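> A single structure is presented below for examination.
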Amino acid sequence: MELVSQNNAHDQEFKARNQEIEKLTQEIEHFYGAFKRKKSIKSKEINKDGRGKY
Numbered sequence: 008m009e010l011v012s013q014n015n016a017h018d019q020e021f022k023a024r025n026q027e028i029e030k031l032t033q034e035i036e037h038f039y040g041a042f043k044r045k046k047s048i049k050s051k052e053i054n055k056d057g058r059g060k061y
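Per my numbering, residue 8 is the first one in the sequence shown, and the count goes up by one each step.
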């Protein structure tokens, strides 16, 4: 039974880590999406007036 409880503890730890990774992944995707949108808005501004604004 010792091994089973040890395995359960590892399982809980793994699940907790997995949730943390999932949360961080979502945050990264959120910020990357915002970054991409900002970039595309910038390129529209550049195209609108015909010369690059940096």
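Glycine included, C-beta positions come from ideal geometry on N, C-alpha and C. This structure is a prediction, so every number in the text was calculated from the model and none was measured.
Looking only at its own chain, which residues have a Cβ that is under 7 Å from the Cβ of Glu27, when we skip the five neighbours before and after it?
Cβ neighbours of Glu27 beyond the five flanking positions: none.
> Taking the straight line between their C-alpha atoms, what separation do you get for Asn25 and Ile35?
Straight-line Cα distance between these residues: approximately 15 Å.
> Have a look at Leu10 and Arg44 and give me their C-alpha separation to the nearest angstrom.
Going from the Cα of Leu10 to the Cα of Arg44 covers about 50 Å.
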